[in-house]
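All letters in the sequence shown, in the order written, are residues 7 to 300 by our numbering.
Every residue gets a Cβ at the ideal spot worked out from N, C-alpha and C, and that includes glycine.
Since this is a predicted model, take the numbers as computed values, not measurements.
Accompanying notes for the structure given below.
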Amino acid sequence: MTESKIREAIAKAVNDVREKNPLAPSITNTVTQDFVANAQLAVGGSAAMLYLADECEAIAKVASAFYINMGTAMPFYADTLPKTARALQENKKSWVLDPVGIGLSTLRTGILRQFKSYKPSIIRGNASEIIALAKLWGLLEDTGGQVRGVDSTEKVSAAKPAAIKLAKFTGGAVAVSGEEDLVTDGKNSIACAGGSELFTKITGSGCALGGVMAIYLTVATPFIAALTATTIFNQAGTKAAANVETPARFKIYFLDNLYELTAQEVADNFRVVGSFENMFDFSMQTTELKNILG
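Below, the structure is given as structure tokens:
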């Protein structure tokens, strides 16, 4: 796959979603449902927020992709989430996992341990969550360290080995969110720059990103879906921050930009820095970006 082919694949994913209006249901953080759904709609997809196991199992048979976010864990998730993941696997459907708050409770830990058998197509999280999941699944030596709620205590660069191991294990892709993001399929790793500090001032930007990855997963491979979602988020965030300086207005401008960006604009935001096998970098900036992942 060449740089030009990746650009073509990104543009195709953006256009295909807008033409097909695909459904990607979600079990997600109750605090962020509105933002997740609106982001999915803004890029051209269709949203459905679910809780009950029977509903999730039923829709897993017809939806092309699904989003599972550990978010605000409910007691009944012990039943709903494993059954949904099993149904997705049995029906050969793609899905995105966001292991929010991994390690905070035995409920989360138990559910996430079960997910190892169902191999999500995309795993999205912050650096600490990705490292913790790789340790939980026995892919990385557990040397301690903790996740602080939904916040990361590690840099994205520190999560690169864990992300690569997870991607190789699942055969899909892993996206690590931070000041600069990482998207990897286990062989190719891409450093993604852009966005805005204002993302940290609104609730649910990471959850919304996972939901949009699920939308693109309905029309593209896990690697391209994760890359397309990350690219359009960073570009929309950068453009929004250029116009506003406050969180509420930023959120509105951000959603508007998700809706207005053309497929070509999103694809043009991708460019290569270094060899394809090692690292890519893209940004809206015109200056050369630092390769943070070494």
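Asked	Found
Does the distance from the CB of Ile33 to the CB of Tyr73 come in under 9 Å?	yes
Does the distance from the CB of Ile129 to the CB of Ala179 come in under 9 Å?	yes
Tell me where the beta strand (DSSP E) around Ala71 begins and ends.	Ala71 to Asn75
Would you kindly report the start and end of the unbroken beta strand (DSSP E) that includes Val37?	Neither: Val37 is in no beta strand (DSSP E) and is coded neither H nor E.
Check whether the Cβ atoms of Ala138 and Ala164 lie closer than 9 Å to each other.	no
With Ser10 as the anchor, note down where its alpha helix (DSSP H) starts and where it stops.	Glu9 to Lys26
Could you tell me which of Gln120, Ser211, Ile170 and Ser100 sits nearest to Thr224, measuring between CA atoms?	Ser100
Do you know how far the Cα of Ala247 is from the Cα of Phe256?	6 Å
By Cβ distance below 7 Å, which residues in the same chain neighbour Gly201 in space, the five residues on each side in sequence not counted?	Phe239, Asn240, Gly243 and Thr244
Ordered along the chain, which non-local residues of its own chain (more than five positions away) have a Cβ less than 6 Å from that of Ala93?	Glu63 and Ala66
Name the DSSP bridge partner or partners of Val42?	Looking at the DSSP assignment, Val42 forms no beta bridge with any residue, so it has no partner.
Buried or exposed, going by whether 16 or more other CB atoms sit within 10 Å of the CB of Val148?	One detail in the question is off: residue 148 reads as Asp in this sequence, not Val. Exposed, since its Cβ has fewer than 16 Cβ neighbours within 10 Å.
With a threshold of 7 Å on Cβ separation, who are the neighbours of Lys11 within its own chain once the five nearest residues in sequence on each side are excluded?	none
Going by the CB atoms, is the gap between Val182 and Gly217 shorter than 9 Å?	no
With a Cβ-Cβ cutoff of 9 Å, do Leu264 and Val42 count as a contact?	no
Using 8 Å as the cut-off, classify the Cβ of Val42 as near or not near the heavy atoms of the ligand HEM, replying yes or no.	The ligand HEM is not part of this structure, which contains no ligands at all.
Considering only the alpha carbon of each residue, which of Ile117, Glu25, Thr8 and Ala79 lies closest to Ile221?	Glu25
Which first and last residues belong to the beta strand (DSSP E) in which Gly131 is found?	Ile128 to Asn132
Using 9 Å as the threshold, is the C-beta distance between Leu172 and Ile117 below it?	no
According to the Cβ coordinates, are Leu267 and Val23 closer than 9 Å?	no
To the nearest angstrom, how far is it from the Cα of Pro81 to the Cα of Leu113?	8 Å
For a test of the three-state rule: what should DSSP assign to Met80, helix, strand or coil?	coil
Would you report the Cα separation of Ile258 and Arg119, rounded to the nearest angstrom?	37 Å
In three-state DSSP terms, what is Ala181?	strand
Who pairs with Ser4 in a beta bridge, going by DSSP?	With the chain running from 7 to 300 in the structure shown, residue 4 is simply not present.
Looking at the structure shown, is Asp148 part of a helix, part of a strand, or coil, going by DSSP?	coil
Which of helix, strand or coil does DSSP assign to Ile208?	coil
Apart from the five residues on each side of it in sequence, which residues of its chain come closer than 7 Å, Cβ to Cβ, to Leu233?	Ile16, Val189 and Ile196
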